[in-house]
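Undergrad: Position one of the sequence shown corresponds to residue 1 (full-length UniProt numbering), numbered consecutively onward.
All residues carry an ideal CB built from backbone N, CA and C; glycine is no exception.
One structure, as structure tokens, below. Some questions next.
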Amino acid sequence: MTSDSSRTVNVNHLEDVSDPRILNLIQHFEKKYQEKPSYLVRVPGRVNLIGEHIDYCGYAVLPMALSQDIMLACKVSTDNNIYLSNVDNKYEYHYCSVNDIRISNERPLWYDYVLCGVKGALDEVASKTNGTATINGHTQNGDDNGVQNHGDFTSAFTGIKLAFSGTVPPAAGLSSSSALVSASLLAMAYTLKIDLNRQKLATLSAISERYIGTLSGGMDQAIAFLGQKGCASYIQFNPLSATSVQLPKDAIFVIAHSLQEANKAANQNYNIRVIECQLASKIIAKNQNLNWKDIQTPKQLQDALKLDLPEMISLCDRVLDQDVYSRKDICEILEISQKYFVESLLTPKVRTLLFEFKLRQRGLHVFNEAYRVLKFRELCSSSKNDLEALGQLMKESHDSLSNLYECSHESLDKMVELGKSVNVRSRLTGAGWGGCIVALCQKGREKVYIEVLKHEYYSKFEKKQFLGKSIDELVFSTQPQNGAEIFVVE
Numbered sequence: 001m002t003s004d005s006s007r008t009v010n011v012n013h014l015e016d017v018s019d020p021r022i023l024n025l026i027q028h029f030e031k032k033y034q035e036k037p038s039y040l041v042r043v044p045g046r047v048n049l050i051g052e053h054i055d056y057c058g059y060a061v062l063p064m065a066l067s068q069d070i071m072l073a074c075k076v077s078t079d080n081n082i083y084l085s086n087v088d089n090k091y092e093y094h095y096c097s098v099n100d101i102r103i104s105n106e107r108p109l110w111y112d113y114v115l116c117g118v119k120g121a122l123d124e125v126a127s128k129t130n131g132t133a134t135i136n137g138h139t140q141n142g143d144d145n146g147v148q149n150h151g152d153f154t155s156a157f158t159g160i161k162l163a164f165s166g167t168v169p170p171a172a173g174l175s176s177s178s179a180l181v182s183a184s185l186l187a188m189a190y191t192l193k194i195d196l197n198r199q200k201l202a203t204l205s206a207i208s209e210r211y212i213g214t215l216s217g218g219m220d221q222a223i224a225f226l227g228q229k230g231c232a233s234y235i236q237f238n239p240l241s242a243t244s245v246q247l248p249k250d251a252i253f254v255i256a257h258s259l260q261e262a263n264k265a266a267n268q269n270y271n272i273r274v275i276e277c278q279l280a281s282k283i284i285a286k287n288q289n290l291n292w293k294d295i296q297t298p299k300q301l302q303d304a305l306k307l308d309l310p311e312m313i314s315l316c317d318r319v320l321d322q323d324v325y326s327r328k329d330i331c332e333i334l335e336i337s338q339k340y341f342v343e344s345l346l347t348p349k350v351r352t353l354l355f356e357f358k359l360r361q362r363g364l365h366v367f368n369e370a371y372r373v374l375k376f377r378e379l380c381s382s383s384k385n386d387l388e389a390l391g392q393l394m395k396e397s398h399d400s401l402s403n404l405y406e407c408s409h410e411s412l413d414k415m416v417e418l419g420k421s422v423n424v425r426s427r428l429t430g431a432g433w434g435g436c437i438v439a440l441c442q443k444g445r446e447k448v449y450i451e452v453l454k455h456e457y458y459s460k461f462e463k464k465q466f467l468g469k470s471i472d473e474l475v476f477s478t479q480p481q482n483g484a485e486i487f488v489v490e
């Protein structure tokens, strides 16, 4: 196992333009903008093998990069505008001034995610010049956002033309939205000569996605930049690092879409879970005589208490002894006013939505899931390569996500159940409430499982319900691929 965090994004010359998808993207760019692109950017989607809903809690996760990706063609513009086009005409064309970047976080469209990456890069430039940057001759103020200074430089930005092609299914839990943010940020980073260190770009991408209102934990962006072919990545946070994990040689993974789309930026369930985890941590901290206001995540709590994960599971089970907590209950335990609770502990978007809290259930999922990640990694590192034991951990993960975290969907549960008939263990992957499952199969058995899903699940739907995809785009086998890349065209 090796640490991947010090690597920089590869920049290569594009030597083969015969690939139909690349050729189509370049031709689309030329037709739209009447000139050739200067370079291409590729950022993969991801599937999280285990460790769901714990990255924003501070715990390590174990994803891998997919062959499905976001690819974009780029060229600097000189008219102070940002142009965004997509080869799929169902995604509308968009342009705006570099001085008037507006990002909607109410019902975000595809280009809002792109603009997150653009804005993130511009703010990074601004942070290098004492809070201001030269953008098409105008001075732009930047937000610090906690991004560290990676080197002093100034840059005059006069606009950019981008064209996109994506094979990551949207709203599927495979990180299509984060890949859009990461791809546009990488394109801007190359244009503006920002440091191409993979770890730093992953951190900056995670910060940039927050412009759209998603309290991202950073996993999606980390694997997009730090993924390595043939390996999963054990990704830790604070500080961000990635270590390659060699998967069993006879393992192959199947991804299957439930046909239920899940947009975590448009659905507040995701952000509600983040807050419930914070509150669970604070109540346990208060019980253990810690300064609960300093505790924001379960991992911070564990570090402060100096306990291992089995001990945290036991403590959570003992201290959080109510199935449901009201606002009044939490205020009494923390000895705070309702006003302080609403204004300081709830985000504006959930203040009118969240009145009951399942803190015990959320906490138990987080600590148990973090422990499962450790056990999964240990099994991969051992000589046994026990697929049965790995599959059992994935099953336990899904059961916890369904019953304790309540982020599954009846369609996901049905797909997981179908796998048991052919001795395949699977789990939801991504935020949940729809999207995809990931299944662990022995090589050679994946085709059997895929046929079961086609016959027992997808055959129940009409083709018009296939989200504009073919059956082979909805269910497929995959193995780990490389992270982000840049290809120079001219």
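Distance, Cα to Cα, K229 vs E106?
TA: So the alpha carbons of these two residues sit roughly 36 angstroms apart.
Undergrad: One question on the structure: do F476 and Y39 come within less than 8 angstroms of each other, judged by their Cβ atoms?
TA: Not in contact: F476 and Y39 (Cβ atoms no closer than 8 angstroms).
Undergrad: Once the 5 residues before and after F367 are set aside, which same chain residues still bring their CB inside 7 angstroms of it?
TA: Taken in chain order, the residues that qualify are P298, L309, M312, I313 and C316.
Undergrad: Decide yes or no for the touch test of the segment 178-185 against the segment 110-128: beta carbon pairs closer than 8 angstroms, at least 3 of them.
TA: Output reads yes: the segment 110-128 touches the segment 178-185.
Undergrad: Excluding sequence positions up to five away, which residues of its chain have a Cβ less than 8 angstroms from the Cβ of F341?
TA: Counting only Cβ-Cβ distances below 8 angstroms, and skipping sequence neighbours, we find R327, I330, C331 and L334.
Undergrad: Quick check: the Cα distance between F153 and R7, rounded to an integer number of angstroms?
TA: Note that F153 scores a pLDDT of 37, beneath 50, so its modelled location is shaky and nothing firm can be said.
Undergrad: What is the residue span of the beta strand (DSSP E) that C96 lies within?
TA: Note, C96: beta strand (DSSP E), H94 to S97.
Undergrad: Compare the beta carbon distance of G58 and Q221 with 8 angstroms and say whether it is the shorter of the two.
TA: For G58 and Q221, no; Cβs fall outside 8 angstroms.
Undergrad: Go ahead and pull the three-state DSSP assignment for E406.
TA: DSSP places E406 in coil when its eight states are reduced to three.
Undergrad: Check H257 in the structure and name its three-state DSSP category.
TA: Strand at H257.
Undergrad: State buried or exposed for T429, treating a residue as buried only when at least 16 other CB atoms are found within 10 Å of its CB.
TA: Label assigned to T429: buried.
Undergrad: So, with DSSP's three-state summary, where would you put V489?
TA: In this structure, V489 counts as coil in the three-state DSSP scheme.
Undergrad: Return the CA-CA distance between A179 and E490, expressed in angstroms with no decimal places.
TA: Spanning the two alpha carbons is a distance of roughly 24 angstroms.
Undergrad: Let me confirm a value: D55 is counted as buried when at least 16 other C-beta atoms fall within 10 Å, else exposed. Which label applies?
TA: Classification of D55: buried, given that the 10 Å Cβ count is 16 or more.
Undergrad: Under DSSP, the beta strand (DSSP E) around D69 begins and ends at which residues?
TA: That run of the beta strand (DSSP E) goes L62 to V76.
Undergrad: Taking the alpha carbon of S205 as the point to measure from, which residue in N197, D195 and G218 has its own alpha carbon closest?
TA: When each option's Cα is compared against that of S205, the closest is G218.
Undergrad: Have a look at L62, S459 and S421 and flag the residue whose alpha-carbon is nearest the alpha-carbon of residue 543.
TA: This structure gives no information on residue 543, because the portion of the chain shown stretches from 1 to 490.
Undergrad: Within the same chain, show all residues whose beta-carbon is closer than 6 angstroms to that of S337, passing over the 5 residues directly before and after it, in chain order.
TA: Taken in chain order, the list of residues that qualify is empty.
Undergrad: Are the Cβ atoms of L374 and L320 separated by less than 8 angstroms?
TA: No, Cβ-Cβ distance for L374 and L320 is not below 8 angstroms.
Undergrad: Please state whether DSSP places T214 in a helix, a strand or coil.
TA: In this structure, T214 counts as coil in the three-state DSSP scheme.
Undergrad: List the endpoints of the continuous beta strand (DSSP E) containing F29.
TA: Note, F29: premise wrong, no beta strand (DSSP E); alpha helix (DSSP H) at P20 to Y33.
Undergrad: If I follow the unbroken beta strand (DSSP E) through H13, where does it start and stop?
TA: Its beta strand (DSSP E) spans residues N10 to H13.
Undergrad: Could you give the C-beta distance for I252 and K384, rounded to a whole number, given that I count them as a contact under 8 angstroms?
TA: In fact, because the Cβ distance is near 18 angstroms, the residues do not count as touching under 8 angstroms.
Undergrad: Please report the distance separating the alpha-carbon of L440 from that of Y458.
TA: So the two alpha carbons sit approximately 19 angstroms from each other.
Undergrad: Could you check whether V350 and N271 sit closer than 8 angstroms to each other, using their CB atoms as the reference points?
TA: Contact flag set, yes.
Undergrad: Can Q221 be considered in contact with the ligand NAD, in the sense that its beta carbon sits closer than 7 angstroms to one or more heavy atoms?
TA: For the structure depicted, the ligand NAD is absent and the ligand set is empty, with no information on it obtainable.
Undergrad: In three-state terms, what does DSSP make of Q199?
TA: Helix, per DSSP.
Undergrad: Can you tell me which residues form a DSSP beta bridge with K161?
TA: K75 and Y83, per the DSSP bridge assignment.
Undergrad: Within 10 Å of its beta-carbon, does N197 have 16 or more other beta-carbons around it, so buried, or fewer, so exposed?
TA: Buried: at least 16 other Cβ atoms inside 10 Å.
Undergrad: Please list the terminal residues of the continuous alpha helix (DSSP H) segment that includes I272.
TA: Per DSSP, I272 belongs to the alpha helix (DSSP H) from N269 to N287.
Undergrad: Taking the beta strand (DSSP E) that G444 falls in, what are its first and last residues?
TA: Segment: none, G444 is in no beta strand (DSSP E) and carries neither H nor E.
Undergrad: Near V424, what residues of its chain come up, given a Cβ to Cβ distance below 8 angstroms and the 5 sequence neighbours on each side ignored?
TA: Excluding sequence neighbours, V424 sits near V254, G391, A439, L440, C441, R445 and Y449.
Undergrad: Going by DSSP, what residues sit across from G391 in a beta bridge?
TA: Answer by DSSP bridge pairing: none, since G391 is not bridged.
Undergrad: Residues bridged to T478 by DSSP?
TA: Answer by DSSP bridge pairing, in chain order: F253.
Undergrad: Which residue's Cα is closest to the Cα of E369: P20, H28 and H53?
TA: Minimum Cα distance to E369 is reached at H53.
Undergrad: Per DSSP, what kind of secondary structure is A206 in: helix, strand or coil?
TA: Helix at A206.
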